[in-house]
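Peer 1: Structure provided below as structure tokens; questions to follow.
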Amino acid sequence: MSEQSAWPRLRVADWTETRDTLHMWTQIVGKIRLAHARLVNHWWQVTLYVTPRGLTTSTVPYGSGAFDIEFDFIEHRLVLRTSDGQARHVKLEPKSVARFYEETLRALDELGIQAPIQPHPNEVETAIPFPEDTRHASYDPHAAHLFWRQLLQVDRVLSAFRSRFMGKVSPVHFFWGAMDLACTRFSGRPAPAHPGGAPHCGDWVMVEGYSRELSSCGFWPGGGEEGAFYAYAYPEPAGFRDHPVEPSSAYYSEQNGQFLLPYEAVRTADDPDATLTGFLQSTYEAAAEHADWDRDTLEEDPGRWDRQRARAHGAR
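What follows is the structure, given as structure tokens:
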């Protein structure tokens with residue numbers, strides 16, 4: 147498979163209903179993780195992660211054991227597993243959020259897991275309680291599979307970009323509130339209290355999320371014909387939005403308060419990885435340079451041990 151063909155084409159208009167249903171499903175699963183995982187700075191304990199088959203909660207502690215939940219976008223099922231060897235499956239197929247919610251909680255109950263979650267979504271304008279949501283009931287397995295393939299490529303490039311930073315940096319993780327795959331770097335300095343304002347989400351949630359000065363980037367299945375990459379700084383330093391960034395198709399959105407790059411500009415580029423990396427690096431530099439980050443301390447060459455490893459390998 148060529149590098150270009152690895153980046154699938156998925157028009158937002160072709161799967162909006164499936165996307166919005168899947169968004170609610172990921173919120174349900176994310177909230178289950180939230181109910182049992184201990185707080186980690188910036189809510190890192192609530193996110194999902196890209197896997198070779200879909201999205202997972204990773205290991206969630208429960209009593210003296212653990213469980214995990216994975217969206218499998220190859221066989222199109224939700225897989226729930228426990229550390230005592232039990233498992234349950236919920237089919238991913240056209241069904242309402244209400245039905246998915248009921249089936250998922252039933253599967254957890256059969257596994258002996260309680261799930262005391264808030265039964266309504268966050269960070270969306272219209273927050274229909276999960277048990278009552280029959281509006282969102284679409285699932286196109288082909289589109290869901292393509293979305294996962296998008297995430298797989300983005301996760302790969304974001305992970306390589308993350309390796310260049312020695313300071314505090316988040317995992318590459320999927321925030322189900324806004325349905326985006328993100329990675330965030332931190333300067334090490336505190337930030338002013340965030341004003342909040344996210345719909346159906348307490349302002350205190352944003353205060354925790356943005357408690358330190360940061361530069362964040364990621365991918366969201368909206369904002370462009372096929373989705374969009376984004377990058378922003380909090381707090382935004384003077385000069386940030388006017389900083390030159392790559393590629394030429396990237397721009398600063400006054401409406402969104404961040405740089406945006408259409409997914410299709412990356413997908414159709416001669417070198418998609420290099421194009422996206424250029425966007426990630428130049429937008430990070432816009433934050434780090436204008437906010438005077440200690441870049442000599444925070445940045446490092448991820449290949450710094452390559453020669454030593456090669457010598458060690460050659461000696462075998």
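Be aware that the sequence shown starts at 147, since it is given in my numbering, and climbs by one per residue.
Glycine included, each C-beta is placed from N, C-alpha and C at the ideal position.
Give the DSSP bridge partners of residue 314, in chain order.
Peer 2: Along the sequence shown, one-based indexing puts residue 314 at 168. DSSP output for residue 314 lists no bridge partner at all.
Peer 1: From the DSSP output, in three-state form, read off residue 384 for me.
Peer 2: Residue numbering aside, residue 384 sits at position 238 when the sequence shown is read from its first letter. DSSP places residue 384 in coil when its eight states are reduced to three.
Peer 1: Between the C-alpha atoms of residue 230 and residue 317, what's the straight-line distance to the nearest angstrom?
Peer 2: Along the sequence shown, read from residue 1 onward, the residue named residue 230 stands at position 84. Along the sequence shown, read from residue 1 onward, the residue named residue 317 stands at position 171. Their Cα atoms are separated by approximately 28 Å.
Peer 1: Quick one: what does DSSP say residue 409 is sitting in, helix, strand or coil?
Peer 2: Against the sequence shown, residue 409 aligns to sequence position 263. Note: residue 409 maps to helix in three-state DSSP.
Peer 1: Using the C-alpha atoms, what's the distance from residue 387 back to residue 404?
Peer 2: The residue you call residue 404 lines up with position 258 of the sequence shown. The residue you call residue 387 lines up with position 241 of the sequence shown. C-alpha separation (whole angstroms): 8 Å.
Peer 1: Taking residue 312 as the reference, give the member of 165, 178 and 445 with the closest Cα.
Peer 2: As a working note, residue 312 is residue 166 in the sequence shown. If we check each option's Cα against that of residue 312, 445 comes out closest.
Peer 1: Quick check: what's the CA-CA separation for residue 521 versus residue 282?
Peer 2: Because residue 521 is not part of the residues shown, which for the chain are 147 to 462, the question remains open.
Peer 1: Spatial neighbours of residue 337 within its chain, please: CB distance less than 8 Å, with the 5 preceding and 5 following residues excluded, ordered by chain position.
Peer 2: Here residue 337 corresponds to residue number 191 of the sequence shown, with the count starting at 1. Same-chain partners within the cutoff: 356, 357, 358, 359, 360, 380 and 381.
Peer 1: Using a Cβ-Cβ cut-off of 6 Å (strictly less than) and excluding sequence neighbours within five positions of residue 325, which residues of its own chain qualify?
Peer 2: For the purposes of this step, residue 325 is identified with residue 179 of the sequence shown, where counting begins at 1. The answer, listed in chain order, is 169.
Peer 1: Buried or exposed: which applies to residue 372, given that a residue is buried once 16 or more other Cβ atoms fall within 10 Å of its Cβ?
Peer 2: Taking the sequence shown and counting its residues from 1, the one referred to as residue 372 is at position 226. Its Cβ being crowded by 16 or more others within 10 Å, residue 372 is buried.
Peer 1: Please report how far the alpha carbon of residue 247 lies from the alpha carbon of residue 398, in whole angstroms.
Peer 2: Counting from 1 along the sequence shown, the entry for residue 247 is found at position 101. Counting from 1 along the sequence shown, the entry for residue 398 is found at position 252. Approximately 38 Å between the Cα atoms of the pair.
Peer 1: With distance defined between alpha-carbon atoms, name the residue in 161, 257, 391 and 412 nearest to residue 435.
Peer 2: Within the sequence shown, the letter at position 289 stands for residue 435. Shortest Cα-Cα distance from residue 435 to any of 161, 257, 391 and 412 involves 391.
Peer 1: Give a yes or no on whether the C-beta atoms belonging to residue 448 and residue 421 are separated by under 9 Å.
Peer 2: Counting from 1 along the sequence shown, the entry for residue 448 is found at position 302. Counting from 1 along the sequence shown, the entry for residue 421 is found at position 275. Taking 9 Å as the Cβ cut-off, residue 448 and residue 421 do not qualify as a contacting pair.
Peer 1: Where does residue 210 land, buried or exposed, given buried means 16+ other C-beta within 10 angstroms?
Peer 2: Translated into the one-based positions of the sequence shown, residue 210 becomes position 64. Its Cβ having fewer than 16 others within 10 Å, residue 210 is exposed.
Peer 1: Please confirm whether residue 203 and residue 243 have their CB atoms less than 9 Å apart.
Peer 2: Stepping through the sequence shown from its first residue, residue 203 is reached at position 57. Stepping through the sequence shown from its first residue, residue 243 is reached at position 97. Going by C-beta atoms, residue 203 is not nearer than 9 Å to residue 243.
Peer 1: On a Cα-Cα basis, can you pick out the residue from 364, 308, 294 and 320 that is closest to residue 173?
Peer 2: Walking along the sequence shown from the start, residue 173 turns up at place 27. For the residues 364, 308, 294 and 320, the minimum Cα distance to residue 173 belongs to 320.
Peer 1: Buried or exposed: where does residue 237 fall if 16 or more other Cβ atoms within 10 Å of its Cβ makes it buried?
Peer 2: Translated into positions along the sequence shown, residue 237 becomes position 91. With fewer than 16 Cβ atoms within 10 Å of its Cβ, residue 237 is classed as exposed.
Peer 1: Taking the alpha helix (DSSP H) that residue 251 falls in, what are its first and last residues?
Peer 2: Counting from 1 along the sequence shown, the entry for residue 251 is found at position 105. Unbroken alpha helix (DSSP H) run through residue 251: 243-256.
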